[in-house]
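Only one structure is covered here, and it is reproduced in the block below.
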Amino acid sequence: MISEQIRVRFAPSPTGYLHVGGLRTALYNYLFARQNNGVFILRIEDTDRSRYVEGAVENLIETLKWAGLDYDEGPGKGGEYGPYVQSQRLDIYRKYAKQLVEEKKAYYCFCTPERLEQMRQELEQKGEFAKYDRFCLNLSSSEIEQKLKSNTPYVIRMKVPDNTTIKFYDLIRKDVEISSQLIDDQVLIKSDGYPTYHLANVVDDHLMKVTHVIRGEEWLPSVPKHILLYSYFGWEIPALAHLPLLLNTDKTKLSKRQGDVAVEDYRAKGYLKEGLINFIALLGWNPGDEREIFTLEELIQEFSIERVGKSGAVFNIDKLNWINLQHIHKKTEKEMLPILKEIISRSKYKDQLFSDKYLEKVIHAMRERINYLAGILEKSPYFFEPPSSYDPNYLSKHWKSETPIWLDKLVEAFSKLENPVKNDFESALNQTAEALGVGRGKIIHAVRLAVSGVGEGPGLYDILDILGKEEVINRIQQAIKNIKIQYARE
RNA sequence: GGCGCUAUCGUCUAAGGGUUAGGACACCGCCCUCUCAAGGCGGUAAUACGGGUUCGAAUCCCGUUAGCGCUACCA
Numbered sequence: 001m002i003s004e005q006i007r008v009r010f011a012p013s014p015t016g017y018l019h020v021g022g023l024r025t026a027l028y029n030y031l032f033a034r035q036n037n038g039v040f041i042l043r044i045e046d047t048d049r050s051r052y053v054e055g056a057v058e059n060l061i062e063t064l065k066w067a068g069l070d071y072d073e074g075p076g077k078g079g080e081y082g083p084y085v086q087s088q089r090l091d092i093y094r095k096y097a098k099q100l101v102e103e104k105k106a107y108y109c110f111c112t113p114e115r116l117e118q119m120r121q122e123l124e125q126k127g128e129f130a131k132y133d134r135f136c137l138n139l140s141s142s143e144i145e146q147k148l149k150s151n152t153p154y155v156i157r158m159k160v161p162d163n164t165t166i167k168f169y170d171l172i173r174k175d176v177e178i179s180s181q182l183i184d185d186q187v188l189i190k191s192d193g194y195p196t197y198h199l200a201n202v203v204d205d206h207l208m209k210v211t212h213v214i215r216g217e218e219w220l221p222s223v224p225k226h227i228l229l230y231s232y233f234g235w236e237i238p239a240l241a242h243l244p245l246l247l248n249t250d251k252t253k254l255s256k257r258q259g260d261v262a263v264e265d266y267r268a269k270g271y272l273k274e275g276l277i278n279f280i281a282l283l284g285w286n287p288g289d290e291r292e293i294f295t296l297e298e299l300i301q302e303f304s305i306e307r308v309g310k311s312g313a314v315f316n317i318d319k320l321n322w323i324n325l326q327h328i329h330k331k332t333e334k335e336m337l338p339i340l341k342e343i344i345s346r347s348k349y350k351d352q353l354f355s356d357k358y359l360e361k362v363i364h365a366m367r368e369r370i371n372y373l374a375g376i377l378e379k380s381p382y383f384f385e386p387p388s389s390y391d392p393n394y395l396s397k398h399w400k401s402e403t404p405i406w407l408d409k410l411v412e413a414f415s416k417l418e419n420p421v422k423n424d425f426e427s428a429l430n431q432t433a434e435a436l437g438v439g440r441g442k443i444i445h446a447v448r449l450a451v452s453g454v455g456e457g458p459g460l461y462d463i464l465d466i467l468g469k470e471e472v473i474n475r476i477q478q479a480i481k482n483i484k485i486q487y488a489r490e
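The first sequence: position 162 = 162 (my numbering), numbered continuously.
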């Protein structure tokens, strides 16, 4: 016997950008599919028209593509079980809802939102669970027909049995049981004709032959509704796995306000997809040994649902930074060049021209000093424009009254160099220091300040080599002038 | 409020009856060094609380507490 092919899906709703929590859900689904030679489906759950955001689907697909999580079936890709956008499947949901109504497993409800609101308030005041009171459960068929004919707005609700306990097994949480007493007669079809998540999800998972439902923990409490639906339809229930939540530093559910949650924001900062994926994979899963750095391929090999944890994980940016650096270590300058160029094209330096060779040298000099590519612009703007100010602390420590005299000598020495490279700058500086009878360290710090304006960064000779003779001399002369002015003001 | 899920260093986690409770990030110190990083070495730091079961509990059971999730014609 050949066992059934594994099919999983990532089913986001297009409400804007892809959330990092969503990326993790997508990743785990992807890993599970790939390691089992299964199928990874992308399904768009756009059944809430009020929350629909223009362009969100394209954005979602683009971001998934960037992350390297390519899907086998879905919008723009096709597949046997499409369409993969729920708003294009309305007839299907209506058909199944009708079927349930005919079998008395669901019923029309004509209650107005106002009545429901009032009912809830009353129940809440009495301290009772605010559950639909089944006002419309026993309407006569003639009543129903009449209301339907007069176009009274309606929803279709599923009928939930009164007193059963629903037990199910979750791959991550093991045995869970919930009493049906607490389950409301869930709306399946809304008055606008669109299905709710619960109906659409169950119908689609069945029709698309999904074998494993891997999704966020926030869905755990509604599993009984889904199980009821599966049994009403007489369908097999897929395996379930509810992933722990991603949290803010203060342990609340990960949200905007407390930092970036959109995958595209990390991308824009120049985090490597390898770094983000690696970090996110480790939020709730570990290989069982002490390895931490993984490529996507390695994750496919190593991942297992059994090793996914149960408790929420804080999204810790420090760890992301470290993991991303580990992946920067593995990249060549050439590989990172397009990312840097992209960042520059969105920066204030976008109109300046920098050669690929120049930028590769900058990456080489900065790669150990950053955690993401945009860090190059943040930490070493001096590779893109002359310093506009000089760090006061560094200045007071390393800029003495004799400094301008030494630097004049140095400029003189540098001027004589022809097409100097790193070593030429170094020996010229050494010779000048010796001739002056000054420790070379003193000159080095002053030059660093003059050319970069700050007291940190790559080795000085690397900076000089990148900037080139003309620029170096200009900046030193500029600094002598500017810093004199600064002194004069004080 | 009700229901559910969860609980090991600050954070991510390992250990699933017997370990000095391990690793990683962060933090601190030292080395390296023209600065800042990177790298190397070392250090501080945890089983939420209370009861059981057991020769022995982070681990099994019960309770408490806390956090989070759900309780919509949102997903």
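Backbone N, C-alpha and C fix where the C-beta goes; we use that ideal spot for every residue, glycine too.
Do you know offhand how far residue 527's Cα is from residue 32's? Since the displayed the chain opens at 1 and closes at 490, residue 527 lies outside it and no answer follows.
Using the C-alpha atoms, what's the distance from residue 393 back to residue 442? 15 Å
Sort out for me which residues DSSP pairs residue 109 with in a bridge. 155
Straight-line gap, residue 502 to residue 458 (C-alpha atoms, nearest Å): A question about residue 502 goes unanswered here, because the residues of the chain that appear run from 1 up to 490.
Under 9 Å between the Cβ atoms of residue 274 and residue 198? no
Residue 179 lies in the beta strand (DSSP E); which residues open and close that run? 174 to 179
Starting from the Cα of residue 387, find the closest Cα among 453, 280, 397 and 116 and give me that residue. 453
For residue 225, does the count of other Cβ atoms within 10 angstroms reach 16, so buried, or fall short, so exposed? buried
So, is residue 439 buried or exposed, given that buried needs 16 or more other C-beta atoms within 10 angstroms? exposed
Closest Cα partner of residue 320 within the set 38, 311 and 292: 292
What do you reckon, are the CB atoms on residue 446 and residue 403 nearer than 9 Å? yes
Rounded separation between residue 184 and residue 131 - CA only: 5 Å
Using only the alpha-carbon positions, how far apart do residue 72 and residue 39 sit? 6 Å
Can you give the Cα-Cα distance for residue 16 and residue 56, rounded to whole angstroms? 5 Å
Reduced DSSP category for residue 441 - H, G, I as helix; E, B as strand; rest coil: helix
Buried or exposed: which applies to residue 332, given that a residue is buried once 16 or more other Cβ atoms fall within 10 Å of its Cβ? exposed
Please return the same chain residues whose Cβ sits closer than 8 Å to the Cβ of residue 227, not counting the five positions on each side in sequence. 166, 168 and 237
Who are the Cβ neighbours of residue 173 in its own chain at under 8 Å, not counting the five residues just before and after it? 220, 242 and 310
With 16 other CB atoms within 10 Å as the buried threshold, where does residue 405 fall? exposed
Could you tell me the alpha carbon to alpha carbon distance between residue 232 and residue 186, rounded to whole angstroms? 14 Å
Assuming residue 469 and residue 420 are in contact, meaning their beta carbons sit under 8 Å apart, how far apart are those beta carbons, in whole angstroms? 5 Å
Could you please give the first and the last residue of the uninterrupted alpha helix (DSSP H) stretch that includes residue 56? 56 to 67
Fully enclosed by the region 204 to 251, which alpha helix (DSSP H) runs are 4 residues long or longer? 223 to 233
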